[in-house]
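What follows is one structure encoded as structure tokens, with my remarks underneath.
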Ligand code: HEC
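In our numbering, the protein residues as written are 1 to 133.
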């Protein structure tokens, strides 16, 4: 009976390391992988792009999501490259670090901003079509 305890001990040892590996900070990973850090600084102190630490405009959740989805000025768009969950994670990350406390962002928040953007561009296309005049 004693030999049965060996695989069990292995199983118990393996469990905590598996659950740890499944809990990486997705937001900070995307901030690095998508190269946000190259323009905004690893600590949000800015550089080519504006400083995000203490940036009060980050309080406006829809603005942050739209900025990431569409890009603006010299910032590229990420809407075609990142999923709703990834945009939510990185938006929450910049809103919740470096002294910022602007709260969570869900994939549903991102989906509703995508929907707003689609509606706006559909309406713009309608307004531009010659049949409407
Ligand atoms: C090539 C450089 C560059 C990269 C990469 C970049 N940004 Fe930006 N970002 C900018 C610039 C420049 C602005 C200011 C846009 C403007 O007003 O013209 C900006 C604006 C912002 C803003 C609005 C803040 C404000 O005060 O205007 C947020 C939030 C933001 N970026 C987040 C991100 C995130 C998150 C990523 C990665 C997914 C990212 N940025 C990647 C350059 C960059």
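Backbone N, C-alpha and C fix where the C-beta goes; we use that ideal spot for every residue, glycine too.
- Residue 49 holds the alpha-carbon nearest to the alpha-carbon of residue 73 among 128, 61, 32, 49.
- Excluding residues up to 5 positions away in sequence, 113 lie with their Cβ nearer than 6 Å to the Cβ of residue 62 in the same chain.
- For residue 107, the enclosing alpha helix (DSSP H) covers residues 107 to 128.
- Secondary structure at residue 35: coil, using DSSP grouped into helix, strand and coil.
- Distances taken from the Cβ of residue 113 to the heavy atoms of ligand 1 include none shorter than 7 Å.
- Cβ contact annotation for residue 102 (same chain, cutoff 6 Å, sequence separation greater than five): 58, 59, 95, in chain order.
- In the DSSP annotation of this structure, the continuous segment of the alpha helix (DSSP H) that includes residue 92 starts and ends at 84 to 95.
- Taking a C-beta distance under 8 Å as the contact criterion, residue 98 and residue 69 do not qualify as a contact pair.
- Taking the Cα positions, residue 66 is about 26 Å away from residue 129.
- Not a single heavy atom of ligand 1 lies less than 7 Å from the C-beta of residue 130.
- In the three-state reduction of the DSSP assignment, residue 72 falls in the strand class.
- Just so you know, the alpha carbons of residue 109 and residue 30 end up roughly 18 Å apart.
- Rounded to whole angstroms, residue 122 and residue 84 show a C-alpha spacing of 21 Å.
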